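Have a look at the structure below before the remarks.
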Amino acid sequence: MRLAQQNAVTSVSEECKQQMLTASRTLAVDAKNLLDAMDQAKVLANLAHPPAE
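Here you go:
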């Protein structure tokens with residue numbers, strides 16, 4: 007956050023914004039992959055419960 011504040015009015019602010027967007031997308035994809043891996047582990051361990059109707 008400090009880096010974003012420092013670069014808010016500089017010529018590199020656009021590059022900083024792009025890097026932060028890239029990092030946030032990477033984090034979101036990693037989180038999804040982790041959740042998918044946990045779901046798969048639950049299925050393999052027969053711990054998964056079907057969704058309630």
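Using this note's numbering, the letters of the sequence shown correspond one by one to residues 7 to 59.
Glycine included, C-beta positions come from ideal geometry on N, C-alpha and C.
Fair warning: this is a prediction, and the values are worked out from it, not measured in the lab.
In whole angstroms, what separates the C-alpha of residue i from that of residue j?
i	j	result
Q11	K38	29 Å
L50	E21	43 Å
L9	K48	40 Å
N52	A34	27 Å
T32	K23	14 Å
D45	V18	41 Å
D42	D36	10 Å
Starting from the Cα of residue i, find the closest Cα among the options and give me that residue.
i	options	result
A29	L53, N52 and M7	M7
Note the first and the last residue of the continuous alpha helix (DSSP H) segment covering residue i.
i	result
M26	S19 to L50
Could you have a look at residue i and say whether DSSP puts it in helix, strand or coil?
i	result
L9	helix
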